[in-house]
Amino acid sequence: MKGVKKAAKLGIRWKLITYFALFVAVILVLLWLFQTVFLDSFYKAIKTRNAQACGDSIVSKINSPNLGDYINELARQNDVCVRVVNGEMRDLYSADISPDCLIHHYGTFQLFLIYNYTKENGGMRFETVPQTQYQSFYSSDFGGQEIGLYPFSGGDLQMGQLTTGESAMESLIYSRIVKTEAGQEVLVLLNSTITPINPTVQTIQVQLALITIVALLLSLVLAVVLSQKISKPIIKTNNAAKELAQGNYEVSFEGGDYREIRELNSTLSYAASELSKVEALRKELIANISHDLRTPLTMIGGYSEMMRDIPGENTPENAQIILDETTRLTNLVNDMLNLSRLQSGTQTLTLTEFSLTQEIREILARYNSLTKRDGYHIVFDYKEDVTVEADQVRMSQVIYNLVNNAVNYAGQDKEILVRQRLKPGFVRVEVIDHGEGIEPEKLELIWDRYYKVDKTHRRAVVGTGLGLSIVKSVLEMHSAKYGVESAVGEGSTFWFELPLPEYLAQIDESQQQ
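Using full-length UniProt numbering, the letters of the sequence shown correspond one by one to residues 1 to 513.
Here it is as structure tokens:
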């Protein structure tokens, strides 16, 4: 009971709600991380890649006669400042699109320092520096020349007053030394402004808080609706399956809205139909076996009492009746045991080469001696002796049972024909009667145990009523082809085919090659 309660708590409805909530929670956590915690890092990384791409583009066109126009267009499109100076730190090209651009406030001194830092770094350098409040600064060391401001990371370049704090703007300085075709070294400078994103992050945090609340509520509602829609047909199918388990084979499995549910219900409906047939056959089988067991037992008991109590009834004829009924009862039990072994797969085959023709002749000779007094005439039609490789005992059961069936359902002429024909690679044996015949839709059912076309149980003239089931099981163990051809009012032809030994040898040889 505890296991049942636990399964109920972890049903598909609650699992779907839990998974949906977890999915939304993961998405929201990722949004919070990328939009708040990592936003500044992503922003600076994108700015850095963009500056490097612009610098690489300028370097690739450093010898172009239209480099000035290209730099102006590149600066405008990418919102960067560009400055290209020669070895004497004189401007060759310049694009100043922002008043906050640091590189256009650098004097010769700062440019030489940048050049040296860049050269020490392998010819290319990135530096992120805070913006300054631009003030004119004159150094007496340079004869009163305006030096300007260069808040570079080098300690001796920290001139002027810096605007510090989280809201301070920063400048990304990209510097690169390249040589022209003429062998002249030039210094390429790019300045990209990094705007503080703290106010943006605060705005995003407020928005994400609202989005989180709305998303969680919507996901909860959607999960509940979806779980009900998905679980409802499953619950109905489960309840119907429980009724089926209780033996209600008339239970209905409705289609459902999903392909998988429809297929499941269709399969369960088919299973219910087949179980209903099996249950009907089971009841019929029990009734038939009870009848076939009761009849010989009744006759044995009745004749035994008669022979004991009535003088003069202890005759050989009455004793023979008791013996015949005992034999019939023994045969029924043996057939049931054989069929059970064959269908369970515990019965194995002992394959030997033997004359199928001779086996049929001997079986029919014994049959004729038993049935001739009742007017039955069995004819064997064959042209030559045929040898097969099979289980001789089991194949004799097949022939016995097919002839039994023909005797039980023979027509008024009581003529039965057993025909053997040799075909390329196999032999075909047919057992033909001229009885009532079988309707086409019932041909596949006659191999079932105790199946009767007219559904009226009657005692077989010979046999136990399990013969065709035994025939089917034995032939399938031999992988032999078999079947029946019948026409209502004309009779039936039961047949089977066995491969010839030389044909089997050819198959084995081809497989080995």
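For every residue, glycine included, the Cβ atom is placed at its ideal position computed from N, Cα and C.
In this structure, DSSP gives threonine 352 an extended state, which the three-state scheme calls strand. Leucine 16 and leucine 264 have their C-alpha atoms spaced approximately 20 Å apart. Look at the segment 100-124 and you find no whole run of beta strand (DSSP E) that is 3 residues long or longer.
Per DSSP, the beta-bridge partners of arginine 83 are Ser94, Leu189. Apart from sequence neighbours up to five positions away, the residues of its chain that approach glutamate 254 with a beta-carbon distance below 7 Å are Lys236, Asn265, ordered along the chain. Rounded to the nearest angstrom, the gap between the Cα atoms of arginine 83 and tyrosine 19 is 56 Å. About 7 Å separates the beta carbon of isoleucine 177 from that of tyrosine 115, a gap short enough to meet the 8 Å contact definition. Taking the Cα positions, serine 60 is about 34 Å away from phenylalanine 34. DSSP places valine 488 in the coil class of the three-state scheme, outside both helix and strand. The beta-carbon separation of tryptophan 32 and leucine 208, rounded to 6 Å, stays under the 8 Å limit for a contact.
Counting only residues of its own chain and dropping the five nearest sequence neighbours on each side, isoleucine 46 has no CB closer than 8 Å to any other CB. Collapsing the DSSP output to three states places tryptophan 495 in a strand. If you look at isoleucine 446, you'll find it isn't in any beta strand (DSSP E); DSSP assigns it neither H nor E. Across the set Phe380, Gln205, Tyr303, Ile204, the C-alpha of Phe380 shows the shortest separation from the C-alpha of glutamate 362. For isoleucine 204, there is no enclosing beta strand (DSSP E); the enclosing alpha helix (DSSP H) covers residues 198-245. Annotation for glutamine 420: no alpha helix (DSSP H) segment contains it, though the beta strand (DSSP E) segment containing it runs 415-423. DSSP places lysine 179 within a strand segment (E or B) once states are collapsed to three.
Taking 8 Å as the cut-off, the Cβ atoms of isoleucine 470 and isoleucine 416 do not count as close. Contact holds between the segment 231-251 and the segment 265-278, because three or more Cβ pairs, one in each stretch, are under 8 Å apart. Counting of Cβ neighbours within 10 angstroms places threonine 352 among the exposed residues, the total staying below 16.
Scanning Ser171, Thr493, Met89 for the CA closest to the CA of valine 186 turns up Met89.
In the three-state reduction of the DSSP assignment, glycine 483 falls in the strand class, which pools E and B. Counting only residues of its own chain and dropping the five nearest sequence neighbours on each side, serine 231 has a CB closer than 8 Å to the CB of Gly11, Ile12, Arg13, Leu16.
Straight-line measurement puts the Cα of asparagine 331 at about 15 Å from the Cα of isoleucine 321.
Valine 388 sits away from leucine 297, with the two beta carbons spaced by 8 Å or more. In this chain, the alpha helix (DSSP H) harbouring phenylalanine 23 covers 12-32. For a cut-off of 8 Å, the C-beta gap from leucine 102 to asparagine 198 is around 21 Å, too long to register as a contact. Assigned with DSSP and collapsed to three states, aspartate 433 falls in strand. Where alanine 390 is concerned, the enclosing beta strand (DSSP E) starts and stops at 387-391. Straight through space, the alpha carbons of asparagine 63 and glycine 123 are spaced by roughly 18 Å. In the three-state reduction of the DSSP assignment, proline 311 falls in the coil class. With contacts defined as CB atoms closer than 8 Å, serine 492 and glycine 411 fail to qualify as a contacting pair. Around the C-beta of methionine 395, 16 or more other C-beta atoms lie within 10 Å, and the residue is accordingly described as buried. Residue range 39-60 is occupied by the alpha helix (DSSP H) that includes valine 59. Glycine 489 places its beta carbon less than 8 Å from that of glycine 437.
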